[in-house]
Structures are given as C-alpha cells and as structure tokens.
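Chain order of the listed sequences is X and L. In the working numbering, each number is its position in the first sequence, counted from 1, plus 269. In the working numbering, each number is its position in the second sequence, counted from 1, plus 269. Note that CB positions come from ideal geometry on N, CA and C, so glycine has one too. Owing to the predicted nature of the structure, the values given are computational and were not obtained by experimental measurement. Working notes for the structure below.
Protein chains: 2
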Amino acid sequence: MNIQQIVKEKGLGLLFRQGTVGIEKESQRVHADGSIVTSEHPKAFGNRSYHPYIQTDFAESQLELITPPNKKIEDTLRWLSALHEVTLRTIDENEYIFPMSMPAGLPPEQEIRVAQLDNAADVAYREHLVASYGKAKQMVSGIHYNFQLDPKLVETLFNAQTDYKSAVDFQNNLYLKMAKNFLRYQWIPLYLLSATPTVEANYFKDGSPLKPNQYVRSLRSSKYGYVNAPDIIVSFDSIEKYVETLEHWVNSGRLIAEKEFYSNVRLRGAKKAREFLHTGIQYLEFRLFDLNPFEAYGINLKDAKFIHHFILLMIWLEETADQDAVELGRARLGEVAFEDPHSETAYRDEGEQIINQLIDMLKAIGAEQSAVEFAEEKLAQFANPGQTLCARLVDAIEQAGGYQQLGGEIAKRNKVQAFERFYALSAFDNMELSTQALMFDAIQKGLNMEILDENDQFLRLQFGDHFEYVKNGNMTSHDSYISPLIMENKVVTKKVLAKAGFNVPQSLEFTSVEQAVASYPLFEGKAVVIKPKSTNFGLGISIFQQGVHDKADFAKAVEIAFREDKEVMVEDYLVGTEYRFFVLGNETLAVLLRVPANVMGDGVHTVAELVAAKNDHPLRGDGSRTPLKKIALGEIEQLQLKEQGLTVDSVPAKDQLVQLRANSNISTGGDSIDMTDEMHPSYKDLAVGITKAMGAAVCGVDLIIPDLKKPAEPNLSSWGVIEANFNPMMMMHIFPYSGKSRRLTLNVLGMLFPELV
Amino acid sequence: MNIQQIVKEKGLGLLFRQGTVGIEKESQRVHADGSIVTSEHPKAFGNRSYHPYIQTDFAESQLELITPPNKKIEDTLRWLSALHEVTLRTIDENEYIFPMSMPAGLPPEQEIRVAQLDNAADVAYREHLVASYGKAKQMVSGIHYNFQLDPKLVETLFNAQTDYKSAVDFQNNLYLKMAKNFLRYQWIPLYLLSATPTVEANYFKDGSPLKPNQYVRSLRSSKYGYVNAPDIIVSFDSIEKYVETLEHWVNSGRLIAEKEFYSNVRLRGAKKAREFLHTGIQYLEFRLFDLNPFEAYGINLKDAKFIHHFILLMIWLEETADQDAVELGRARLGEVAFEDPHSETAYRDEGEQIINQLIDMLKAIGAEQSAVEFAEEKLAQFANPGQTLCARLVDAIEQAGGYQQLGGEIAKRNKVQAFERFYALSAFDNMELSTQALMFDAIQKGLNMEILDENDQFLRLQFGDHFEYVKNGNMTSHDSYISPLIMENKVVTKKVLAKAGFNVPQSLEFTSVEQAVASYPLFEGKAVVIKPKSTNFGLGISIFQQGVHDKADFAKAVEIAFREDKEVMVEDYLVGTEYRFFVLGNETLAVLLRVPANVMGDGVHTVAELVAAKNDHPLRGDGSRTPLKKIALGEIEQLQLKEQGLTVDSVPAKDQLVQLRANSNISTGGDSIDMTDEMHPSYKDLAVGITKAMGAAVCGVDLIIPDLKKPAEPNLSSWGVIEANFNPMMMMHIFPYSGKSRRLTLNVLGMLFPELV
C-alpha cells in the first residue's frame, strides 16, 4: 500500500495532516522534597468510577490526567494545561506534582498504596502487577499519545487502492503499518525526546545497574523500565497473528489480561483484540514518551506536533516493517536507551535519514513552515547530542545537585506558576472568567465538558446520560425564556414586581418644567431624586432625602435638571446602601457591597502612591482578565479628587478615605465586599421572592437598604428593589476584594446536576 | 368642601384631571334588517361565568361589552374598539350589532330569551325583572361610564380640608357630592348627548305615547324607558341615609335586590351598600348615556372626555345639591327628555351657565386646549339645538326612511368596517400583527389581558389565579432560557442537532483558494454549494447538484467565489424545496411553502399590470401592518425580469410564471402557501424531534425536502435541517396567501392555559 503515492497524486495533504490526538499523562504526587506522598487521592475530585479527566493509575499517589481527543492538537495541550491547573490547585497545599518519569523518594514498599478503586477487579489487577513486577516499576510515569487518522482519509485511501477488498482489512493493515514502522524506528523519538537519564539508587531492589555518574538516554525504555518479560513476543505481522499470539499469552497465564501486554504501541478501539477482526483498529496508543521536566505539563506543543508528524511518517514510508524489523527496532531501542546522552548515537545515519524523509514528507503534504524548521532542529541533534532533551536534563541534574532535588525544585516552581492567576483557567483565558471558573469546577468534579462555542461562552456538560447546556456561566435550561425578557425591560420589571407586592421606586418622566411642576402634588412629602434622563457625572441631579416640602424648591430642582437634558425624571429616592443579592433557586447564596474606587490615607504616601499600592493586589488588573480592576487616575478620578480638595500628589491624612469615583462599579476600580453573613435574613428572603416573581432560577437582585441589621419592613423607607439582573456576575462574589469567597459556580453545577454529590 | 379652592391653591390641576375610566356598553345582536335575533350567545366567547369583557346583559341577544378601567381614556376607547372587532368578527356572519339604544324589531315576547347564565340566581333575577317591567324595556341598551378619582387626589384633598376627620367619610361625601350634583344637572349631558328620539311602535305594549312624527330627546331617559316605579326614592343626602332608604326598599320587597335600584348614578366598590360606611365609595357608575349611532362603538373620544370633565365639574362646583335639588334635577331630566330635539330647551340658561363654568374649570385646571374648544362647541348647541346629536339623528332617521331601517344600515356598515383589516386589532395596530392576533384570541376566549409594554409586545394574561407573560406572540415561560440561546448561535445549533442525529448540512470556511482546494478531498463526490461568505444577489455562487467530481471544476468555483469576498464557504448542498414547520410542543401545527415574489402571465396584461392586480389582494400591504407584502418593482425586481428577458412592460404569455425575486421571503412580496395537509407525517415528526433537541416549546424549523410525499430517510439526500428559529412568525400561517389558515395564536393560548377549554 503506497500511501505516499496516493496522497501526492490526489492532493490529500490536508486530509492526511488531519487527525485526532488525546494525551494521557501519569505523574506522582510528591512532597516538597520530591518524595512520593502516601496520602489518598483527593476527595474533591469526586469519584474515580466516572471521572473522565482526573484518575489514578497504578498507585493512589499516581495521578493520571486524561485529555479528551481533539482535532486540533493545540486544544489537547490546552486541556492538559487546564487539567494541571485544576489538579495543582486542588491537591493539598503541601503536595506537588513530580515533573519526571522515574519516581524519586519512594516510600517503603509496604507504604505504597495501590489505587483504591471501586471496582474490585481493578484493584486485583494491580495487586497482580505488584506480584509480577514489584511496586517500584509500577510507579514509573510517562505520556501516552493517542492518535487517530481522519476517518475520511482512511475511506479516501481505501477507495484509491486495489490491494484490499474489505475496508476493515485495509484499516487494520494501515494502522498495523503505522504500529510496526513505529516499533522499527521508535529509537529515533527516544533519542530526541527521552528524559530519564538516571534515578535514585533505591529505585532498584538489587542495586543500581548504573555506574557512579553514569547517565543513559532512557532508563524507562530500557530493560530496567516497566516492560514485559523478554520472551513475551506478540506478532504484529497481521491482525490475525496479533490476536492469536496475544490470546496465547493470556490463555497460558503468562499475562493476566491482554492489557498486561506493554508494547510501546497499543492497538485501540475494542475491549478485546479479537473484535478488531470485525470492527477494525480505531486508533493507536503510543506509550514511549518520557515526561519532559522542562515543560510544566510534561510535553510542549512543538514536540506534540513533531510526534504527530513522526507517526504520519510511519505510514508515509514505502516499506512496512516485518516482524524481524520490529524486533530489530526493539533491540535498537534498548541500545540507544542505554547510550550516554551526550554521546553520538550508534545509529545516527539511520536517524538522520528518517528525519530527512520526515522533512520531505512535511513539504509534500503542505505542512506549516514552522513544522519543517522544527524537524530540521531535531535533525541537527544527531550531530549535536548535547542539544537533546536528555543531555540538557543531565546538565540540569548536575547543576541542581541531584535527580530528586531537581524534581522537587521544578515541582514547587510549577505549583507557584499554577497559582499565579488562581482565578483563571489559563488555557481558556480568551473566555469569560466566570465560564473559566465553571469549567474549573466541572473538570474538578468530573463532568464531561465540551466547549460548543468559545466566543459565545457556550458549554455542554454531561454526567451519565444527563446533559445540560450553559452559556455565560449561569444561563441554563433552569431559567424560563420569559424571565430574562421581563428583566431586560425595566418598565415590565417594575410592573411585575409592584404587582407582586415588592417595594419598587416609581418614577415619572417630564418634557417641560411646567409639566413637572404641575405634578408636584404627586411628590409632595416624598423623598425624591430629580435628574436629567441622561446623566453625565451627576450633573443636574437634586435629591430631597427628607422629602420635598416646598413647591418652589421642587421647581428649582426641575429647572436645574432641564439645563442638562430635554427630559427629566422624578423618582422615589431610596435612602440607604445598595447591595447585590445573588439568588439561585430558593436561596440567596451571596450578598455583596460594592464600594466606589477609593484609597485610605496613611499620612505618608501620596494619592498616586496609595493607588499604585492598591493596584498591586493580585485580583486587580486591566481589561476583563482579572476579577477586580485597577484604579485609574484619569480625568474623572482627578475631578473626584478635586472635589475633595486633593490632587494625585496630595498626601491624605492617616485613615482619611479618599474617593476616586462616584459610581460603585467594579469595572472602574471599585471594591467588592462580601456581606452575606452580615445581612439580615429577611432581605435574603425578599431577594428570593423577587427572583420567584421574575420566574428566574438565577438572579442578581439589587436592593437599597438603610440598615442591613434591622429586619425588613413593608415600605420604601425600609428597603426598595432597584433592579433584577439575569445572568448576574459571579466573579465578584467568588473573588471579592474582602470577605468570604462564595464559589457560586459550584452551586450552578449543583443546580444542573443534583445527582452529582 | 370647597374642592375648587383647594385645587387652585395647591395647583392640583394635573392630579384633578387624572382618573380612571371604564366603559360598559350594551347592545343587541340583530339581523341585517335591524331586528333582534333569537340565537344563542356565541359559544366561541367561552363561558360567561368568567368572561371579563364579553357578557350578556338581560337577554341572550343583548351583548354587554366591558372595558377594563384605564388611566388614559384613550385606552378605554381602544379597548372598546377591540371588543367590537372581536365581537363582530366572531358572531354569525348574518348577525350584526344594533347601533342604537332603543331596540327595534323585537321578537314576540315569548321568543325573547333571558340570558342563559350558569348561575341560577342570575337567571331568577332576570325572570323577576320580566315580571316587574316586561321584556321590552329590558332590551333597552346604553353606555355605563365608570369613573374613579385618582386616590392620590382624594388623599391630598382630605389632607387639605378640615371639615372631615375620617378619610372614609370624606371620600363618601366627595363621591356623594359628585353623584348629587350629577343628578341635579344630568339633563345637560342628556340634552347634548341623547340619541333615543323614537322607537318602533311595537315597543310599547299599550301603544306609543308619541304622536305621529313626534320625536323626543330621549325615550330611554323618559318615564317610558327602563326606570323604577316613581315612588322608589333613595336618599343621597348622606351615605347613612342612602344605605337606610335603599335597604328599606329591599326589605319591604319592592326591590328584589339593591342592584334593582336604577339610578342614573350608582355608588360602586362594594357588594352591599352598607359596606360603604367602612370602606368608602370607590367609584361611580353613570348610566345616563344613550348609544351614539354615528360612532361605530357607541361613543367617541371627544364625548368620553367631555363626560369626564362634566363629572369633574360636579365636585368643582361650590354648591352641593340637596335631596330637593336632586328631585328637581330628576324632574328636569324627564321634561328635557320629552322635548322636541330640534327645539330650544326650556332650561337653556342653566345649561349655558353650567357649561360656562365647565369651561372656566377646564382653564383653571390646565386642561388641553382642544377640551376647552369642544366644550365651547357643546355650549353653542344650546343656541342651535339642530346641532345636537339627537337632532342630527332625527334627520338621519327621516332620510333613511325609519328608525329600524337606519339602525340596520349602520349595523351592516359597521360590520363591513370591522372586517376591513380582518387580520388586525385596529386599536392596537402599533403592535405586531401576531401580538394583535393573540390579543384577539385572548379577548375572545375571556382571558384577562394586560399590556405591560406596547412597544415591546409584552402581555400579561390571567385566568383565575394562573397568570402567564407573553412577548412577541409566542415567547413564554414554556421555553427554557437556553433554547433561544442555542438557536441564535448557528454553530451551536448545528453541533446540537448533529449530535442528536439529525441531518445537518456541514460547511467549511476558507480564506484562500489554495486552502479551499487542498480540502477538495473532503467534498469529492458530494453535492456542495460554493459561495462567498457575504452574498449579494447570488453573485459568485456555484452549485454542484450532482456532486463535485472534478478538482479543476471545484477550483474554478472557489476562484469565482473569492472574486466576491475574502472568505468563501463550501457547504453540503441540499436538493429540494424549503418548508417552514411551525412546532408547538409535541405537534407540527403548520407547514408552509414560501414562494418568491411572482406573477402568472395571462397573455393580455403587462408585468406591471399583473403586479398591480396581485398587490390588490387584501392581505398585501406596505410596511409591517399586513400579513403579506406588496411586490415592488424596484431595481432588484427589474434585474430579475431582465434575466428572464422581460421588462415591466412585457406581456407574459398565458400561464407563464414570471419571477420577480430570487429569495422567498414574505417580506419582499413572496407568497405563503399552507402545505400542512400535504406534508408526509414523517417530516412533521422530525420537526418535533428537532424542536425537542433544541429544548424548545415553540420552534420554527426549516427543512429542505425534495419530495414531501415520500417518507423521510436518514440521509441528507432525503431531507436536511437548515435552521431552527425561536419566536417563529405566526401571521404567515394564520393568513397564508393560499391554503388553509392555521390559528396558531389559539394554540399558544392553549399551551399556556390548558385549563381553558
């Protein structure tokens, strides 16, 4: 089957390059010194019987992070980043993730806990492995690279060839070609990407096979790694032979199950190998790869793409390795694995020849120029072994003063980095923070998550057969269509709330002074605010807090307002402080006070310095990528300072509160202060009632309250509702400037999936 | 109590003018000749036990149309118009509404059916009335004008006076003043607005009291109208005396119930008069007014405003009529009622004096200039009795050749007028047609309806304690919030539908010819359409209906598309016709074919003439106020004609179909053709399934189907879904160009109120 020829003739380059990649990455939870922990897998990750992303491998301490398969390899790496951030922020504060494949600081064997899975068979299987291989080898970690060709490519290739009559046969042989050629040439990616040059001596039961100061390219892929007994040989000659030989080893009891066959390539897509005969191999799992300790998540995008291309080369090559060639490849792997990382490899010629073919292939299939350049870099590493990952790692180990020490240092650095923007999910930082928070929680709890539209913040979540859609963090099927329509219409909202008996300030609009003054009797004695319909910086606003009692005063206020606009509003004035109530279902989950941008004087620093210091807060930033915003020192702020007799260079007295804005918006540098526990419950009940009147499941209710400690009374002087918001902001509650954090996204998930405990 | 003085001193003009008005209007259903029908009250109006708007009064034939109370009198008149349109379009096609108060063409007494109400007591009451007054008098109809002062005015006046300590006392006496002064001066509105100069002789059991050719001002308000026995006198001196005397007549058996007391002013707001002592009179019902036969709905806005002002004058006047004055007023009413309509009234001086005071009042309270002018017109009618409504009516009767004849003629004219724009509810024509249709149905079926926001098409409907909100005709609580969010995002919609297993055409976007051509293998053999992302008049579009089989053809098509835009789409092409499925819940209620604007040649007329003739269709209009749109003859249409080798002056052959548009939008003159009964049920089921996948209660699904008679098969060549629409248009189904009308608004009401049978 000459794939190369068909792809070239039919111009299938794009289709050939397309494919689906998923990554599984094992790694150990460790202490700060890099030694492995004996604690349980964190309960916060829910139950491993269903978790799609965060699992344990052999041991309780051995995390297995599993990305979903993605058509774009970039997305797979984003997932890997997200899984790490969720994991690093969830595990115990004194625990870390070890960045290298070979375990260091192993506990005494009896303290290594096999993963505590629900399924007894899964546990029994692990106990069997312990008996066969010992615990230490099981603790070795790596990256498994799952790759599927585009089914449309397989179909097109099948239609273009004549060797195979059956599409299943064709597909099996195509993937077998890929597998066999990979096994033949696997020493090449090992040479280029291996990263297990050494390990602590106590890893070996019978003493280290390495001489003092000896480093190798890959202990993990050597006979000292985690491999089957050398006589366990499974044929890749044909799918039939593969099934036959594999079943032989299982039936003879040498393997406890098919999955105990640890080839560096696994055929995937069926529970039992025999099924491949009818359904075809669906994808391959490449298990060769060591963790790259220089990358926070064990692998980088360039290498992931290089691996993809190398795998493609395996079917692009004209020849197909036979069983002898496969065995030859395996032998070379063993040899190269034990070479000194700084030395030239024995098979440099073959390596350069294959990578040159890779470069030719990349050009032929129209791959991006950067991929060609990266392959050329890899090619150069045959002449310069010191540039290989492994050689560089050896240098770093020596510099750090030891393997475990380097691992511990990197682990700590990675954890700090994962907390740098602890409110975000970095890989999805183009999305809204609230959606990032919800995604974080969904990943942590083990909900299947699919991003339907990144720009539109549209997610699909699934647990078992139950699925839900979420947009913008809290827009869901639990709200009825009419609720947001009511809430986005202020006139209708007021009518509905007033009809339901809630205290709603009323307002009237006027187009002339005469008309407004004629309405004076409607307002006499009431607390009112008189303002131009469009307000700029509060110009033209008059407030009668104690009630308007004089018609001439009223008329004067109306005239002032009309100087600013052609329409003037007279509104009931609510005396008190505005609080935001976040209601979900029958409960007010959070109450927030928003305070206009301000700094507190200390008698020493200038306003500008105080602002700069306050802006250093980790939650503050510019744009939409932080929960709080930096205080600006623009025109509006300077005007505000001027009103207080200050400039940016003034030094406010100690404890002098300096206002920098009149409005309390978080988006203009305001502070958010959680008041949930301080608020009298009667107001929380009112907010729930208002939410119900709106017919909403999730609602942000803004109440004006003069005294949050006093119980609510049924009149406007006790409280008033000024707005009900659908899709209310969540970040300001999750990450308030001060007060307790309220993880509302977890409540949203709980509402959508009550079955998820 | 000097109201005038307080209003002037405190500048309460606006508040004084504010008030709430509701109108009840009785009238008889009649045959084309004006004679009263003996048929039942139409079943389409639902049940009279709850209908808030369309009731029967005494007889089964006697409609009582009841507007809700409105703060703006204009709204009351709009409601009256709407109630008439609903009624006239619902009653039997051979029935009409008699425009005058005195009944004509009475059936033999035994054939007059008392209203068949559910409540036995209501029927028994009517039977009692028959025994006391005979049936004929009960058939007299009129307008009852309900008026309530602004409660804020009552409160403000109370606070400003010192005569009364109790607010309830004050309110009772204020309304009693209004009632007594009205009874004193009621002859004046009678003189100005009466319209019952005569009746057919058979109305009187004992022969007509009118001499041949004698006309009077108001038979209805004379002793020959529907009045209590002359000795039944109820005192209005004080609320206590009123309660006492009224209870006396009931206790003595002279009245069967309080409601049998037929004063021209009734005190309202309590079930029993005694309650007024504690709760206060809430509003007054003025029952004096004859139907104005020259107005389609029995009264016009100017007169309604005049009545409002006249009622206000009754409390503005300094004096308060005592019982003697009330009796004097009643006597004058009787006298004036029997005057010749063309003659000067005996009390001209008093009339002019009162109307002059009315004019003074209007000026003092800042009423609109038009109200003053209208009062001046009325004033002039004392000098020119021939200009009174009644005199003009007499002239019309003579011209028509008789009372019943005139009534019949007007009744027929009014009905034709109510059908002129049968798809609209004229008074609410600023709203969307679909909302008008829903309002029509809600009124017909007897749902309480409140317009929360006219511009926003926001309604509140209520039946018993159950209420629902509706926006834009079919946006309700039955749809979940997430459904429209899914549907408004095409990417998400496609993903959701594809995942649910529906046939969704796929598309890819490209930014270069090379990129697109490289993807050729993805499309080879498939029917595709290649088009610029933004299309103008179909430029740059290539369609491979039979599948694309040649790469060069594909490349050529891509190049053509790139000439029009920087982005090009390649989409699965669906062969077939597009149909719109309107789905509600588990059912496809309507299927519509939309045909691009066209005319059919007849070998005689030019294209322009054919278009003009087609545009004459009653459903076609400009703008948004008709269900179908007129075909334009602009640039696009002329370009379309040119492609067919035609101009607007060409005479197409008989049966030659002339296309005037390429797009099938109804908004550009397309035809809508109902295909509900023609469509194979399998497609209707698919549309329901698609609606469910969207999580929607109401959905407009657009399917492309090559053969609507063949059952659906699971592949794109059998059918494909191209769009799912929330808030789908309803008018095109309710009023299609051809085919059966589907009254979808009734289904929406049925969904919201399943309890409403």
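For residue i, count neighbouring C-beta atoms within 10 Å of its own C-beta (all shown protein chains included) and say buried if the count is 16 or more, exposed if not.
{"i": "A636/L", "result": "buried"}
{"i": "Y319/L", "result": "exposed"}
{"i": "T548/L", "result": "exposed"}
{"i": "P983/L", "result": "exposed"}
{"i": "F831/X", "result": "buried"}
{"i": "F688/L", "result": "exposed"}
{"i": "P997/L", "result": "buried"}
{"i": "P481/X", "result": "exposed"}
{"i": "P499/L", "result": "exposed"}
In chain order, what residues of the same chain lie with their CB nearer than 7 Å to the CB of residue i, ignoring the 5 residues before and after it?
{"i": "E645/L", "result": "I628"}
{"i": "M1001/X", "result": "L861, P896, I935 and S941"}
{"i": "V641/X", "result": "I628, L631 and K632"}
{"i": "P337/X", "result": "G291 and W348"}
{"i": "E947/L", "result": "L977"}
Is residue i helix, strand or coil when you go by DSSP?
{"i": "I991/L", "result": "strand"}
{"i": "G742/X", "result": "coil"}
{"i": "K294/L", "result": "strand"}
{"i": "P774/L", "result": "coil"}
{"i": "S487/X", "result": "strand"}
{"i": "L808/X", "result": "coil"}
{"i": "Y566/X", "result": "coil"}
{"i": "K510/X", "result": "helix"}
{"i": "F732/L", "result": "strand"}
{"i": "P1023/L", "result": "coil"}
{"i": "V782/X", "result": "helix"}
Can you list, in chain order, the residues of its chain with a C-beta nearer than 6 Å to that of residue i? Leave out the 5 residues immediately preceding and following it.
{"i": "E1028/L", "result": "No answer is possible for residue 1028/L: it lies beyond the span of chain L, which begins at 270 and ends at 1026."}
{"i": "A594/L", "result": "R453"}
{"i": "F823/X", "result": "Y789 and V817"}
So, at 8 Å on beta carbons, what are the nonlocal neighbours of residue i in its own chain, with the 5 sequence-adjacent residues on each side left out?
{"i": "L648/L", "result": "E621, I624, N625 and I628"}
{"i": "Y672/L", "result": "M369, M371, A373, T467, V468, E469 and I666"}
Just checking: is the beta-carbon of residue i within a distance shorter than 8 Å of some beta-carbon in chain C?
{"i": "F727/L", "result": "Structure shown: chain C not included; protein chains present are X and L."}
Any heavy atom of the ligand ATP within a distance shorter than 7 Å of the CB on residue i?
{"i": "M1000/L", "result": "In the structure on display, the ligand ATP does not appear, and there are no ligands present to speak of."}
Cβ contact check for the stretch 571-589 of chain L and the stretch 440-459 of chain L: 3 or more pairs under 8 Å: With three or more CB-CB distances shorter than 8 Å, the stretch 571-589 of chain L counts as touching the stretch 440-459 of chain L.
Whole beta strand (DSSP E) elements within the stretch 839-907 of chain X, 3-residue minimum: For the stretch 839-907 of chain X, whole beta strand (DSSP E) runs of length 3 or above, ordered along the chain, are 846-853, 856-864 and 867-869.
Stretch pair the stretch 849-857 of chain X + the stretch 920-937 of chain X: three plus CB contacts closer than 8 Å: The stretch 849-857 of chain X and the stretch 920-937 of chain X do not touch, with fewer than 3 CB-CB distances between them shorter than 8 Å.
The stretch 736-745 of chain X in contact with the stretch 381-389 of chain X per 3-pair CB rule at 8 Å: Output reads no: the stretch 381-389 of chain X does not touch the stretch 736-745 of chain X.
Three CB pairs or more closer than 8 Å across the stretch 484-491 of chain L and the stretch 457-476 of chain L: Output reads yes: the stretch 457-476 of chain L touches the stretch 484-491 of chain L.
At least 3 beta-carbon pairs within less than 8 Å: the stretch 652-669 of chain X vs the stretch 605-617 of chain X: With a cut-off of 8 Å, the stretch 605-617 of chain X and the stretch 652-669 of chain X count as touching, because enough Cβ pairs lie within range.
3 or more residues per run - each beta strand (DSSP E) lying fully within the stretch 918-976 of chain L: For the stretch 918-976 of chain L, whole beta strand (DSSP E) runs of length 3 or above, ordered along the chain, are 926-928, 940-943 and 967-974.
Those runs of the beta strand (DSSP E) which lie wholly inside the stretch 362-435 of chain L and span at least 3 residues: Runs of the beta strand (DSSP E) spanning 3 or more residues and lying entirely within the stretch 362-435 of chain L occur at 412-418, in chain order.
Stretch pair the stretch 717-736 of chain X + the stretch 696-707 of chain X: three plus CB contacts closer than 8 Å: Yes: at least three Cβ pairs fall under 8 Å.
Runs of alpha helix (DSSP H) wholly within the stretch 280-367 of chain X (minimum 4 residues, chain order): Here the runs fully enclosed are 282-286 and 342-359.
Cβ pair count under 8 Å reaching 3, the stretch 908-927 of chain X against the stretch 950-960 of chain X: Look at the beta carbons and you see the stretch 908-927 of chain X not touching the stretch 950-960 of chain X: under three pairs across the two are nearer than 8 Å.
Ranges of the alpha helix (DSSP H) found wholly within the stretch 441-499 of chain X, counting only runs of at least 4: If we require 4 residues or more, the alpha helix (DSSP H) runs fully inside the stretch 441-499 of chain X come out as 456-462.
Continuous alpha helix (DSSP H) assignments of at least 4 residues falling wholly in the stretch 513-583 of chain L: Note on the stretch 513-583 of chain L: whole alpha helix (DSSP H) runs with a minimum of 4 residues are 545-548, in chain order.
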